[in-house]
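Just below is one structure, and these are the notes that go with it.
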Amino acid sequence: MRTIVRWSVSAATILLFALPAIAQVQYRLEFYGGITIPQDKDFDIDFPQFPQLNPVRGSYTHDFSPGAHGGIRIGVDSKGHFGQDIDYSYGTYASKFVNRASGESLFSFTPRVHQISWNALWYPGGAQSEGKVFPYLTLGVGGTVNSLSQRTANQTFPLSLEESSQRHLRTDNTFTFNAGFGARFRLNKRYGVRVDVRDYMSRSLRYGFPKVPGEPLPAILQVDPTTGELLRVLREGTPFESPLPIGGLFHRITASVGFVYYF
1 MRTIVRWSVS AATILLFALP AIAQVQYRLE FYGGITIPQD KDFDIDFPQF
51 PQLNPVRGSY THDFSPGAHG GIRIGVDSKG HFGQDIDYSY GTYASKFVNR
101 ASGESLFSFT PRVHQISWNA LWYPGGAQSE GKVFPYLTLG VGGTVNSLSQ
151 RTANQTFPLS LEESSQRHLR TDNTFTFNAG FGARFRLNKR YGVRVDVRDY
201 MSRSLRYGFP KVPGEPLPAI LQVDPTTGEL LRVLREGTPF ESPLPIGGLF
251 HRITASVGFV YYF
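Quick note: the sequence shown, position 144, residue 144 per the working numbering, numbers continuous.
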């Protein structure tokens, strides 16, 4: 994750400050804040994750509540139809795991989300026209750090197995792709306002649990203490897999309003 962030920042910085050599550009500095709406993720715990009937098998939802975020953005726009920006944001939102059958909340926590991304922008009407409104479409890549408090990390995750060495959630770092749209409203030569809506997409969050089978769970046998004869198999040995969603995309919809300073 650190490598991704380092290369993203380096590449974006080179692109931002290399443009003046090839075209007349307009730089901007932005401070913004807004709402984050993560999309709930349904998942099942079943075979082959936990072949035997046990209390954790069933259908669950990784449920999220809307949260807030704020950040800073540095951008540059060409004389044509293209621009780009690099931004950092920090936000939080409440999260919990819910048993869909009973509606019971099993584990609640609030991740702290650090997001860095580089985006290309396309302005259909031009990036520096004589108008006051500049609508755009945008695509970008970056990295997200889903950080957990020490209190959350110290709690035993209720959907893990007692036999597993992995029983606690950990900070989860993900590569993130985003797409969206928005508009800049230029108030005068120096100041403006920006409205931005994006969908940040990454793999499903696993918080440190492995995607592939990890250490095998040993078989549990009942043996006659006198003769050593095997009486029955209480549980077959099986590989341990992540109890959290391991497929599909996780979506975070964001909407923000920002103050723009042109320089």
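Backbone N, C-alpha and C fix where the C-beta goes; we use that ideal spot for every residue, glycine too.
{"Check": "Please say whether A153 and T174 have beta carbons closer to each other than 9 Å?", "Outcome": "no"}
{"Check": "Take S256 as the anchor and find which of R206, V197 and G228 has the nearest alpha-carbon.", "Outcome": "V197"}
{"Check": "Quick one: does the C-beta of F175 sit closer than 8 Å to a heavy atom of the ligand COA?", "Outcome": "This structure lacks the ligand COA; in fact it carries no ligand of any kind."}
{"Check": "Between which residues of its own chain and F263 is the CB-CB distance below 6 Å, once the five residues before and five after are set aside?", "Outcome": "Y27"}
{"Check": "From this set, G143, L231, R167 and R112, which residue's C-alpha is nearest T36's C-alpha?", "Outcome": "R112"}
{"Check": "Per DSSP, which residues does G228 bridge with? Please list them.", "Outcome": "None; G228 has no bridge partner."}
{"Check": "Between which two residues does the beta strand (DSSP E) carrying Q84 extend?", "Outcome": "F82 to T92"}
{"Check": "Considering only the alpha carbon of each residue, which of G71, L106, G247 and L121 lies closest to D85?", "Outcome": "L121"}
{"Check": "Quick check on this structure: which residue in Y261, F259, R252 and R194 has the alpha carbon closest to the alpha carbon of P38?", "Outcome": "R252"}
{"Check": "Let's see if you can read the secondary structure: which residues bound the beta strand (DSSP E) around R186?", "Outcome": "D172 to R186"}
{"Check": "Are V25 and V76 close, meaning C-beta to C-beta below 9 Å?", "Outcome": "yes"}
{"Check": "Taking all protein chains shown into account, do 16 or more other C-beta atoms lie within 10 angstroms of the C-beta of L230, making it buried, or fewer, making it exposed?", "Outcome": "exposed"}
{"Check": "Tell me, to the nearest whole angstrom, how far the beta carbon of Y90 is from that of G71; I am working on the premise that it is less than 8 Å.", "Outcome": "7 Å"}
{"Check": "Could you check where the alpha helix (DSSP H) with A101 kicks off and where it finishes?", "Outcome": "Premise fails: A101 is in no alpha helix (DSSP H) and is neither H nor E."}
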